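Enquirer:
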Amino acid sequence: MNYTDFATLHQDLKSQKISCQEILRYYLNKIEANKHLNAFLEIFEQSAVQKAREIDEKIKQGKEVGRLAGMVIGIKDVFAYKGHGLNASSKILGNFKSIYTATCVQRLLNEDAIIIGRLNCDEFAMGSSNENSAFGNVLNPLNTEYVPGGSSGGSAVAVAVDLCWASLGTDTGGSIRQPASFCGIIGFKPSYGRISRYGMVAYASSFDQAGTFTKNIEDAALLLSIMSGSDEYDATVSERPVENYTEVIKTKPEKLKFAVLKATLENEGLADYVKSAFENKIKEFEKQGHTIEYIDFPYLDYLIPTYYVLTTAEASSNLARYDGIRYGYRSENITDSETALEQTYIKSRSEGFGKEVKRRIMLGTFVLSAGYYDAYYTKAQKARRLIYDFLKNTFVQYDAILLPTTPTSAFKFGEKTKDPVSMYLSDIYTVLANLGGNPAISVPLGKNPSTEMPFGIQIITDTFNDSKLLQIAKYL
Ligand code: GLN
Numbered sequence: 000m001n002y003t004d005f006a007t008l009h010q011d012l013k014s015q016k017i018s019c020q021e022i023l024r025y026y027l028n029k030i031e032a033n034k035h036l037n038a039f040l041e042i043f044e045q046s047a048v049q050k051a052r053e054i055d056e057k058i059k060q061g062k063e064v065g066r067l068a069g070m071v072i073g074i075k076d077v078f079a080y081k082g083h084g085l086n087a088s089s090k091i092l093g094n095f096k097s098i099y100t101a102t103c104v105q106r107l108l109n110e111d112a113i114i115i116g117r118l119n120c121d122e123f124a125m126g127s128s129n130e131n132s133a134f135g136n137v138l139n140p141l142n143t144e145y146v147p148g149g150s151s152g153g154s155a156v157a158v159a160v161d162l163c164w165a166s167l168g169t170d171t172g173g174s175i176r177q178p179a180s181f182c183g184i185i186g187f188k189p190s191y192g193r194i195s196r197y198g199m200v201a202y203a204s205s206f207d208q209a210g211t212f213t214k215n216i217e218d219a220a221l222l223l224s225i226m227s228g229s230d231e232y233d234a235t236v237s238e239r240p241v242e243n244y245t246e247v248i249k250t251k252p253e254k255l256k257f258a259v260l261k262a263t264l265e266n267e268g269l270a271d272y273v274k275s276a277f278e279n280k281i282k283e284f285e286k287q288g289h290t291i292e293y294i295d296f297p298y299l300d301y302l303i304p305t306y307y308v309l310t311t312a313e314a315s316s317n318l319a320r321y322d323g324i325r326y327g328y329r330s331e332n333i334t335d336s337e338t339a340l341e342q343t344y345i346k347s348r349s350e351g352f353g354k355e356v357k358r359r360i361m362l363g364t365f366v367l368s369a370g371y372y373d374a375y376y377t378k379a380q381k382a383r384r385l386i387y388d389f390l391k392n393t394f395v396q397y398d399a400i401l402l403p404t405t406p407t408s409a410f411k412f413g414e415k416t417k418d419p420v421s422m423y424l425s426d427i428y429t430v431l432a433n434l435g436g437n438p439a440i441s442v443p444l445g446k447n448p449s450t451e452m453p454f455g456i457q458i459i460t461d462t463f464n465d466s467k468l469l470q471i472a473k474y475l
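Okay, here's the thing in structure tokens:
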């Protein structure tokens with residue numbers, strides 16, 4: 000299949016130059032040929048073939064088809080799709096099958112997208128390398144010794160090697176943008192609350208946001224237009240009217256004013272090759288007539304601690320529901336009938352969760368415990384407010400903030416697993432947008448000269464200014 004833009008594919012489908020079944024077959028073959036990358040946990044072949052047939056039939060009969068007819072999409076293993084398996088890449092969900100469909104997935108289906116399968120990720124979306132999946136590592140297709148990033152690693156790899164046209168991921172602290180940076184594609188996290196979280200497995204509810212992996216901005220804009228908007232099942236989703244992002248990005252933005260946070264470039268973890276590529280890009284923007292200003296940012300060192308205190312607190316509460324009774328996995332090793340109930344809870348959770356998830360549940364329980372609550376949780380909430388205010392004030396004066404997506408290109412498997420803090424620090428540039436709820440995108444920027452692995456540049460705009468973000472991303 001030699002299509003680079005979806006409009007052409009969609010048009011050819013409608014004029015019967017190609018069929019949905021042919022398109023689907025192409026992807027199924029590609030998935031088969033790239034099994035070693037471990038991107039997909041399950042292929043939904045039956046429902047995908049059925050949907051493809053239905054669409055082909057509608058076209059033959061001259062009926063209208065949805066705006067996504069011809070688009071084959073993979074979903075991260077955290078989105079519910081009725082009747083299909085869902086594990087959040089964890090053992091604890093056992094052979095759970097969704098009993099309803101996530102709002103965002105339903106909206107894709109309503110527009111005739113084909114959902115081809117579910118994609119591997121870090122367990123409960125906790126991780127930056129995909130090494131925390133209960134179902135094995137996802138390999139970076141550009142060099143299989145390197146991680147694809149995480150937690151939406153499978154979603155990034157699937158789009159990078161063309162196993163589906165686009166994919167869904169979730170971004171709580173960078174899980175879309177960081178793997179997009181490591182795999183050389185576009186990763187877009189919309190504003191918090193733009194897309195309903197209904198049917199998305201919760202990690203940290205005040206941060207979690209669904210978004211997309213695509214090869215161009217047009218697809219990101221189209222998918223956002225379709226998935227966004229109010230939903231009676233999610234009280235936190237915004238009721239603001241949904242813009243037609245596809246139309247919006249047809250207009251080139253006028254002269255822009257960008258802020259660069261000085262501290263992000265002075266960070267000692269930032270690799271020289273990322274820094275110089277970033278600075279060269281900034282110079283190009285200046286030559287194009289845009290204004291760049293370097294501003295103070297006093298909170299860089301507080302981003303990671305604030306993020307990890309708050310998200311682990313929320314995770315400890317969200318993950319309490321996996322108790323061995325209600326979902327999936329239940330331990331068989333219950334030895335004493337007197338304490339059977341308690342043992343069921345303890346053993347199911349001990350055996351069902353992986354190491355990183357347990358670490359976060361314990362950390363989150365600790366920061367919420369009486370006596371420590373104010374010192375950690377309350378303090379982190381206050382820090383979040385300062386960061387939020389900083390961003391709000393910045394966007395009064397500037398159109399966007401520019402910064403690297405990641406301090407380095409992809410690292411090797413095993414390189415950071417022994418030291419969780421060094422793993423957490425790889426999210427230093429991405430958690431900012433989640434703390435503020437801002438939309439953010441990673442677009443490919445350059446390559447590490449010694450490993451040839453890619454990395455991205457990140458753009459952040461004001462909350463609910465997703466349209467400006469997409470415009471900037473498209474034209475710069
Ligand atoms: N890597 C970050 C973490 O481990 C972000 C995860 C995410 O965005 N889901 O928490």
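Residue 344 in numbering that gives the first Met the number 0 sits at position 345 of the sequence shown, with consecutive numbering throughout. Where is the CB? At the ideal position from N, CA and C, for every residue including glycine. All of these numbers come straight from a predicted model, not from anything done at the bench.
1. What does V273 pair with, by DSSP beta-bridge criteria?
2. Grouping DSSP H, G and I as helix and E and B as strand, with all else coil, what is M125?
3. Hey, could you find the ends of the alpha helix (DSSP H) R358 is sitting in?
4. Of the residues D76, Y99, A101, which one's Cα is nearest the Cα of S525?
5. For S425, count neighbouring C-beta atoms within 10 Å of its own C-beta (all shown protein chains included) and say buried if the count is 16 or more, exposed if not.
6. Using 7 Å as the cut-off, classify the Cβ of S127 as near or not near the heavy atoms of the ligand GLN, replying yes or no.
7. Our contact map puts S466 next to Y244 with C-beta atoms below 8 Å; I'd like the distance itself, whole angstroms only.
8. Check F212 in the structure and name its three-state DSSP category.
9. Could you tell me whether the Cβ atoms of Y99 and G198 are closer together than 8 Å?
10. Pull up the distance between the alpha-carbon of L167 and that of T334, whole angstroms please.
11. Pick out whichever of A472, Y202, G82 has its Cα sitting closest to the Cα of Q105.
12. Check the DSSP bridge columns for Q457 and list the partner residues they point to.
13. Considering only the alpha carbon of each residue, which of R193, K57, L108, I184 lies closest to T462?
14. What did DSSP end up calling A133 once you bin it into helix, strand or coil?
15. Using DSSP's beta-bridge definition, name the partner residues of Y145.
16. According to DSSP, is F39 helix, strand or coil?
17. For K446 and V71, what's the separation of their Cα atoms in angstroms?
18. Based on DSSP bridge pairs, tell me the residues matched to G186.
19. Are there 16 or more other CB atoms within 10 angstroms of the CB of A234, so buried, or fewer, so exposed?
20. Determine the direct distance from the alpha carbon of E265 to that of L40, and round the result to whole angstroms.
21. Given a cut-off of 8 Å, decide if P438 and N464 are closer than it, judged by their beta-carbon atoms.
22. Can you tell me the Cα-Cα spacing of H35 and A133, whole angstroms?
23. Looking at the secondary structure, which residues open and close the alpha helix (DSSP H) in which V420 lies?
24. Do the CB positions of D398 and L299 come within less than 8 Å of each other?
25. For Q15, count neighbouring Cβ atoms within 10 angstroms of its own Cβ and tell me buried if that reaches 16, exposed if not.
26. Please report the distance separating the alpha-carbon of L23 from that of T305.
27. Is Y202 near the ligand GLN, going by C-beta to nearest heavy atom under 7 Å?
28. In angstroms with no decimal places, state the Cα-to-Cα distance between A379 and Y423.
29. Rank Q208, V395, L318, S127 by C-alpha distance to the C-alpha of M361 and give the top, closest one.
Expert: In this structure, then:
1. On the sequence shown, residue 273 is found 274 positions in, with the first residue counted as 1. Per DSSP, V273 has no beta-bridge partner at all.
2. The residue given as residue 125 occupies position 126 in the sequence shown. M125 sits in coil when the DSSP states are folded into three classes, being neither helix nor strand.
3. One-based indexing of the sequence shown puts residue 358 at position 359. Residue range 354–367 is occupied by the alpha helix (DSSP H) that includes R358.
4. Residue 525 cannot be examined here, being either before or after the span of the chain that is shown, 0 to 475.
5. Position 426 of the sequence shown holds residue 425. Result: buried.
6. Looking up residue 127 in the sequence shown gives position 128. At least one heavy atom of the ligand GLN sits closer than 7 Å to the Cβ of S127.
7. The count along the sequence shown starts at 1 and reaches residue 466 at position 467. The count along the sequence shown starts at 1 and reaches residue 244 at position 245. Going by Cβ atoms, the distance from S466 to Y244 rounds to 6 Å, so yes, they are a contact pair.
8. Walking along the sequence shown from the start, residue 212 turns up at place 213. DSSP, read as helix, strand or coil, puts F212 in strand.
9. Translated into positions along the sequence shown, residue 99 becomes position 100. Translated into positions along the sequence shown, residue 198 becomes position 199. Cβ atoms of Y99 and G198: closer than 8 Å.
10. Your numbering for residue 167 matches position 168 in the sequence shown. Your numbering for residue 334 matches position 335 in the sequence shown. Taking the straight line joining both Cα atoms gives about 42 Å.
11. Translated into positions along the sequence shown, residue 105 becomes position 106. Closest option to Q105, Cα to Cα, is G82.
12. Counting from 1 along the sequence shown, the entry for residue 457 is found at position 458. Answer is L402, S441, bridged to Q457.
13. For the purposes of this step, residue 462 is identified with residue 463 of the sequence shown, where counting begins at 1. Of the residues R193, K57, L108, I184, the one whose Cα lies closest to the Cα of T462 is R193.
14. As a first step, residue 133 must be located in the sequence shown, where it is residue number 134. DSSP places A133 in coil when its eight states are reduced to three.
15. On the sequence shown, position 146 is the one that residue 145 refers to. The partner list for Y145 (beta bridge, DSSP) reads K411.
16. Along the sequence shown, read from residue 1 onward, the residue named residue 39 stands at position 40. DSSP, read as helix, strand or coil, puts F39 in strand.
17. Taking the first residue of the sequence shown as 1, we reach residue 446 at position 447. Taking the first residue of the sequence shown as 1, we reach residue 71 at position 72. Using only the alpha carbons, I get a separation of about 29 Å.
18. What you label residue 186 is simply residue 187 of the sequence shown in a count that begins at 1. Beta-bridge partners of G186 (DSSP): F212, S441.
19. In the sequence shown, counting from the first residue as 1, residue 234 sits at position 235. Answer is exposed; the Cβ neighbour count stays below 16.
20. For this step, residue 40 is matched to residue 41 along the sequence shown. For this step, residue 265 is matched to residue 266 along the sequence shown. Note on geometry: alpha-carbon atoms of L40 and E265 lie some 40 Å from one another.
21. Translated into the one-based positions of the sequence shown, residue 464 becomes position 465. Translated into the one-based positions of the sequence shown, residue 438 becomes position 439. It is a contact, given that the beta carbons lie within the stated cut-off.
22. Against the sequence shown, residue 35 aligns to sequence position 36. Against the sequence shown, residue 133 aligns to sequence position 134. Their Cα atoms are separated by approximately 16 Å.
23. As a position in the sequence shown, residue 420 is number 421, starting the count at 1. First-last of the alpha helix (DSSP H) with V420: 419–424.
24. Along the sequence shown, one-based indexing puts residue 398 at 399. Along the sequence shown, one-based indexing puts residue 299 at 300. Taking 8 Å as the cut-off, the beta carbon of D398 is found no closer than this to the beta carbon of L299.
25. For the purposes of this step, residue 15 is taken as the residue at position 16 of the sequence shown. Around the C-beta of Q15, fewer than 16 other C-beta atoms lie within 10 Å, and the residue is accordingly described as exposed.
26. Translated into positions along the sequence shown, residue 23 becomes position 24. Translated into positions along the sequence shown, residue 305 becomes position 306. Going from the Cα of L23 to the Cα of T305 covers about 44 Å.
27. On the sequence shown, position 203 is the one that residue 202 refers to. Y202 Cβ: within cutoff of the ligand GLN.
28. Counting from one through the sequence shown, the residue named residue 379 turns up at place 380. Counting from one through the sequence shown, the residue named residue 423 turns up at place 424. Cα-Cα distance, rounded: 17 Å.
29. Reading the sequence shown from its first residue, position 362 is the one you call residue 361. Here the closest residue by C-alpha is L318.
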